[in-house]
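Q: Chains as they are written, first to last, in the working numbering: chain A, 71 to 566; chain B, 411 to 695.
This structure is in structure tokens; I'll ask about it shortly.
Have a look at this one:
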């Protein structure tokens, strides 16, 4: 044990806090508790920390996306002078060759941060036992050793895995999920993606960009229902331009293998077939192996752990954070830090969710949002003015061949507060952070006009959107016209 | 094991200078199947037609399609149906398997070992694909790698029969050399057959734990190899779990006891599937 103040009795290690799971939420909970002087043990099933997002999710898919985008950009940035077509026998592994280095670098960084914080990291699988009671966990290592741990506080951050629907058999050979899709030896010629959420949308658009014929099917009429409608329209237009097809409002009745391909039968009687199917119909919490029932802790109907605003479960010394408590998934890091403080007896504020958590969708094109959208503000009865900026009007956007992108900057009706930002186009996930900081700092949109930013950069989009807001506010003041709900042409048609 | 130390007087040069002439070429049908499997323009119907020209391949495909692992509600009666059930990659693998059997497993005096290598390869392939499924690895790649992992063995036995006068008199020494050299000879054969380079690397490393470009596939095959061995020794499930848990590759693949218990439940299905393909008594017409 390297953790400060940890004690090792006859057969049991005593620590202040044990964190179960080494993804973003668990790691930050462990570091935060250690920073407050507690002895902390972090146990993870995998040999290296990082969680599913590092090995099977975020990082590998983003690496594939970068490769796809690079190939696509060669043509766009050379104005069609150079075009690259992948050979028919392209292996998926060759397109992911950088993943191993990216994952290793990430794991090194996280490992170092945990060592610097004196968190004791153990590689093993955790379970509770009735005999041990709710303060004890049993760690079984992959080398068949057993470690008994007793802790004052326990943080569950075991994350999630792809959900397997009862009606679809995911064999990881013909029907794959987001954990196995990147192990395919070859790029399929045709792919059906089931789902309309972030993971489905990302993979559908990435494979379409790589030249795979993709059909995306979901029961919702449109993908990414939580995003601004105009942003989704722009995505669907780009997806369609890459040969992709979205079919909404349909439910999958069954999936079967036929004639060397997979056939997907829908509730309206239509049948689609493809070389492979990606099933991306949500995620489910990793709680089974913990055997929570032995200490009287259960999950809700969705299989999630219920927590209060301090991340405490029904047993208050056991906290839960990250995907095991459900959305928003991207809040894991902030949740982990707060749970780390709660584990040290420090009350925190902010609830389990925050409107200031940004959303990034690494599809082609990239999409991101933070705060309120125009529709959400309207639903909440908040009057807004929306500034727009098309990337084709920014020097950087044209240089980067990202003319199709645009930004919506949502401000209070008086133009004094930034309420939200939505962006579609290359760099959207980075770009949204400027708006996020403006929201956090309570800055008015005009700050983007008054302050100097590097040129040419995509930050120019904020300046254009802020000027648009200023112009609309000025016209409202002069004419008394309510511009909300009008498009640009209608706004400018109103005489000042 | 050090062959030279075990048998200082035994000259193993016969096993160290196998050149292209010693490595058998694939039959025309198999060559064509390999080409078609990676050609997006080829239809499954075309593939089934080519396969029907080789009775041995066709029979094995029918057996596999009707085996416990793949059979559906209705029995498969045509080659086209079988092709549809198994898919392009599995057809390719069976074609390679049959080619290996017909061309390689004929070493006189070593028929038992050669035949054992064939059935053992199939069972290893089946375990490897189940392991890959659980590890979210490449299922199709794992099956072929398991199938061919010991393909160097019959080749070396054939070379021993061709090059050593009275090989029966130094049987143990020959088998020691085969154990030591079969991985690299198998890798050479893969390259000659223009199979994917990752497969050649996997075959080369399936008995060592050296880091290699094929990632954990070598360890997957090493564990599948041991699972197949254990099934051939007719270990029960409990003994199989204990043995698999103790295998060094299990820890390197991050398999916990719970995972191994789940994996071992497949034993009867996989053994029956391998038996259905390799036992002529069950041949489908």
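Ideal Cβ positions, reconstructed from N, Cα and C, are used throughout, including at glycine.
Please read all numbers here as calculations on a predicted model, not as lab measurements.
Cα-Cα, which of A/197, A/219, A/294 and A/379 is closest to residue 666 of chain B?
A: Closest by alpha carbon: A/197.
Q: Could you list the residues in the region 210 to 244 of chain A with a C-beta less than 9 Å from some C-beta on chain B, going in chain order?
A: Residues passing the 9 Å Cβ filter: 210, 211, 212, 213, 214, 241, 242, 243 and 244.
Q: So if DSSP puts residue 114 of chain A in a beta bridge, which residue, or which two residues, is it bridged to?
A: Answer is A/193, bridged to residue 114 of chain A.
Q: Considering only residues of the same chain and omitting the five flanking positions on each side of residue 533 of chain A, which have a CB-CB separation below 6 Å?
A: 518 and 519.
Q: So, for residue 685 of chain B: in the same chain, excluding its five sequence neighbours on each side, which residues have a beta-carbon less than 6 Å away from its beta-carbon?
A: Closer than 6 Å at the Cβ level, and outside the excluded window around residue 685 of chain B, lies no residue.
Q: Is residue 286 of chain A buried or exposed, if buried means 16 or more other CB atoms sit within 10 Å of its CB?
A: Buried.
Q: At 9 Å on the CB atoms, spell out the chain A contacts of residue 664 of chain B, in chain order.
A: In chain order: 115, 116, 117, 193 and 212.
Q: What residues from the region 342 to 376 of chain A come within 8 Å of chain B, judged by C-beta to C-beta, listed N to C?
A: Listed in sequence order: 359.
Q: Between the C-alpha atoms of residue 124 of chain A and residue 168 of chain A, what's the straight-line distance to the nearest angstrom?
A: Whole-angstrom Cα-Cα distance: 13 Å.
Q: Among A/97, A/513, A/142 and A/463, which has the Cα closest to the Cα of residue 480 of chain A?
A: It is A/513.
Q: For residue 322 of chain A, does the count of other Cβ atoms within 10 angstroms reach 16, so buried, or fall short, so exposed?
A: The residue in question, residue 322 of chain A, is buried, as its Cβ has 16 or more Cβ neighbours within 10 Å.
Q: Give me the residue from A/161, A/462, A/381 and A/507 with the minimum Cα distance to residue 441 of chain A.
A: Among A/161, A/462, A/381 and A/507, the Cα nearest to that of residue 441 of chain A is on A/507.
Q: Anyone know if the C-beta pair for residue 348 of chain A and residue 252 of chain A falls short of 8 Å?
A: Going by C-beta atoms, residue 348 of chain A is not nearer than 8 Å to residue 252 of chain A.
Q: Less than 8 Å separating the beta-carbons of residue 228 of chain A and residue 360 of chain A?
A: Yes, these two residues count as a Cβ contact at 8 Å.
Q: I need the DSSP call for residue 444 of chain B, collapsed to helix, strand or coil.
A: Correct three-state label for residue 444 of chain B: helix.
Q: Going along chain B, which residues have a C-beta under 7 Å from residue 250 of chain A?
A: Near residue 250 of chain A (Cβ distances below 7 Å), the residues of chain B are 546.
Q: Hey, out of A/439, A/415, A/370 and A/383, whose CA is closest to residue 488 of chain A's CA?
A: The candidate whose alpha carbon is nearest that of residue 488 of chain A is A/439.
Q: Once the 5 residues before and after residue 224 of chain A are set aside, which same chain residues still bring their CB inside 6 Å of it?
A: Contacts found: 88 and 388.
Q: So what does DSSP say about residue 546 of chain A, is it helix, strand or coil?
A: Here residue 546 of chain A sits in helix by DSSP.
Q: Mind listing which residues of the region 118 to 149 of chain A have their C-beta closer than 8 Å to chain B's C-betas, in chain order?
A: If the cut-off is 8 Å between Cβ atoms, the region 118 to 149 of chain A has 126 near chain B.
Q: On the three-pair Cβ rule with 8 Å, is the region 553 to 560 of chain B touching the region 569 to 577 of chain B?
A: The region 553 to 560 of chain B is not in contact with the region 569 to 577 of chain B.
Q: So which residues of chain A does residue 551 of chain B contact, with C-beta pairs closer than 7 Å?
A: Those within 7 Å of residue 551 of chain B in chain A are 255.
Q: Run through chain A and tell me which residues come within less than 9 Å of residue 477 of chain B, C-beta to C-beta.
A: Residues of chain A passing the Cβ test: none, with the nearest at roughly 15 Å.
Q: When we look at the beta-carbon of residue 81 of chain A and count the other beta-carbons within 10 Å, is it buried (16 or more) or exposed?
A: With fewer than 16 Cβ atoms within 10 Å of its Cβ, residue 81 of chain A is classed as exposed.
Q: Residues of chain B with CB closer than 7 Å to the CB of residue 106 of chain A, please, in chain order.
A: By Cβ distance, chain B contributes nothing, its closest Cβ being about 32 Å from residue 106 of chain A, past 7 Å.
Q: In chain order, what residues of the same chain have a beta carbon less than 7 Å from the beta carbon of residue 277 of chain A, not counting five sequence neighbours either side?
A: Excluding residues within five positions, the ones whose Cβ falls inside 7 Å are 261 and 284.
Q: So within the region 331 to 402 of chain A, which uninterrupted beta strand (DSSP E) runs reach at least 3 residues, ignoring any that extend past its ends?
A: Whole beta strand (DSSP E) segments, 3+ residues: 331 to 336, 341 to 344, 346 to 349, 353 to 355 and 388 to 390.
Q: If the criterion is Cβ atoms closer than 8 Å, does the pair residue 477 of chain B and residue 651 of chain B meet it?
A: No, the Cβ-Cβ distance between residue 477 of chain B and residue 651 of chain B is not below 8 Å.
Q: Work out the CA separation of residue 351 of chain A and residue 248 of chain A for me, nearest whole Å.
A: Distance between the alpha carbons of residue 248 of chain A and residue 351 of chain A is about 10 Å.
Q: Residues of chain B with a CB under 8 Å from the CB of residue 327 of chain A: which are they?
A: The answer, in chain order, is 494, 495 and 497.
Q: In chain order, what residues of the same chain lie with their CB nearer than 7 Å to the CB of residue 454 of chain A, ignoring the 5 residues before and after it?
A: Taken in chain order, the residues that qualify are 444, 447, 480, 481, 482, 483, 489 and 554.
Q: Could you tell me how far apart the beta carbons of residue 273 of chain A and residue 494 of chain A are, in whole angstroms, since I believe they sit closer than 8 Å?
A: 18 Å between Cβ atoms; not a contact.
Q: In whole angstroms, give me the CA-to-CA distance for residue 475 of chain B and residue 486 of chain B.
A: Approximately 7 Å, taken between the alpha carbons.
Q: Going by alpha carbons, who is nearest to residue 527 of chain A out of A/470, A/540 and A/436?
A: Comparing Cα positions, the closest option is A/470.
Q: To the nearest angstrom, how far is the alpha carbon of residue 166 of chain A from that of residue 119 of chain A?
A: Their Cα atoms are separated by approximately 21 Å.
Q: Compute the Euclidean distance between the alpha carbons of residue 104 of chain A and residue 670 of chain B, then round it to the nearest angstrom.
A: Looking at the two C-alpha atoms, the distance is approximately 35 Å.
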